[in-house]
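For reference, the structure discussed in these notes is given below.
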Amino acid sequence: MNKQDFEAQLKAENFNEGVLLSKPIGYTLDEHAHPFEAWALILEGDISLRVNGALTTYAAGDVFRLPAGTPHHESAVAHGVTYLVGRKYLVAA
45 MNKQDFEAQL
55 KAENFNEGVL
65 LSKPIGYTLD
75 EHAHPFEAWA
85 LILEGDISLR
95 VNGALTTYAA
105 GDVFRLPAGT
115 PHHESAVAHG
125 VTYLVGRKYL
135 VAA
């Protein structure tokens, strides 16, 4: 998927405007969760997410969605990563 198509999809599904983030080689973040749904497009490098014990690696051109409140571990050890991420915050009922 390209950046322009991804940004259009973020808008169509009411995500916040994408934010460009970069993490260096060796980046790791212990288990945590976010109060928002994350939808990301990997632009350069790769990132690995461990969710419920399963490790998945996403490389340039890949997208992933992570539901709000999902405990996960992040790492970009070998190459670092640059990605565009949109966020959709939970709305209290």
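Under my numbering, think of the first position of the sequence shown as 45, with each following residue one higher.
All C-beta atoms, glycine included, are put in the ideal place defined by N, C-alpha and C.
* Quick one: grab the DSSP three-state call for ALA98. => strand
* Exposure label - VAL135; buried when at least 16 CB within 10 Å -> exposed
* Where in the stretch 76 to 128 do unbroken runs of the alpha helix (DSSP H), each at least 4 residues long, occur, reported from the N-terminal end onward? -> none
* To do: Please go through the same chain and pick out, in chain order, the residues whose beta-carbon is closer than 6 Å to the beta-carbon of LEU73, but skip the five residues on each side of it.
  => GLU118
* **In DSSP terms, what VAL135 is bridged to** => According to DSSP, which records beta bridges pairwise, VAL135 is partnered with nothing at all.
* Taking contact to mean at least 3 C-beta pairs separated by less than 8 Å, is the stretch 108 to 122 in contact with the stretch 78 to 96? -> yes
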